[in-house]
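For the sequence shown, this note's numbering begins at 708 and goes up steadily by one.
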Amino acid sequence: MKKLSEYLFLWTLGGTIYYAFEMVFRGFSHWSMFVLGGACMVFFAQQGLWMKWKDPLWLQVIRCAVFVTAAEFITGIIVNKWLGWDVWDYSDQIFQLFGQICVPFIILFSGLCVLGIFLTGYLLHWLYGEEKPQFHVL
Numbered sequence: 708m709k710k711l712s713e714y715l716f717l718w719t720l721g722g723t724i725y726y727a728f729e730m731v732f733r734g735f736s737h738w739s740m741f742v743l744g745g746a747c748m749v750f751f752a753q754q755g756l757w758m759k760w761k762d763p764l765w766l767q768v769i770r771c772a773v774f775v776t777a778a779e780f781i782t783g784i785i786v787n788k789w790l791g792w793d794v795w796d797y798s799d800q801i802f803q804l805f806g807q808i809c810v811p812f813i814i815l816f817s818g819l820c821v822l823g824i825f826l827t828g829y830l831l832h833w834l835y836g837e838e839k840p841q842f843h844v845l
């Protein structure tokens, strides 16, 4: 039950943060972004737990940025291309792929990954008694 509680808490927190982020910066969002944000937050925590928070921060950020980019691409193909919901379109951005991902947003999301890694590591420690993260750059 503890793990289920952790996952639900992180998923809800991640979904809420990402949905709010879009509301502030885009003026609108979509429920699918809540689901995606929640899944990413769970991954930020899980990758840290798998490695016992021992990997250098730069490696965790790369791992999480790859996950976020892949999840955004898959979500975009489903919600934008297959279902036609037109939640986002990066077609006007440089270095984009099918309008679903682009380099400028990969860079932005990498920065958000840093915050997510720190947030999940400490919240799991403080709220659930998980191992305290020992973050280091190198």
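Beta carbons are placed, not taken as given, at the ideal position from N, Cα and C, and that holds for glycine.
| Item | Value |
| --- | --- |
| Member of Asp796, Val749, Met708, Ala778 whose CA lies at the smallest distance from the CA of Thr723 | Val749 |
| Between the CA atoms of Gly734 and Trp833 - distance to the nearest angstrom | 33 Å |
| Where Gln841 sits in the DSSP three-state scheme | coil |
| Leu804 (DSSP reduced to helix, strand or coil) | strand |
| Contacts around Ala727, its chain only, beta-carbon distance under 7 Å, and the 5 residues preceding and following it disregarded | none |
| Member of Gln803, Thr782, Gln800, Leu804 whose CA lies at the smallest distance from the CA of Val794 | Thr782 |
| Residue span of the alpha helix (DSSP H) that contains Ile784, given as start and end | Note, Ile784: premise wrong, no alpha helix (DSSP H); not H, not E. |
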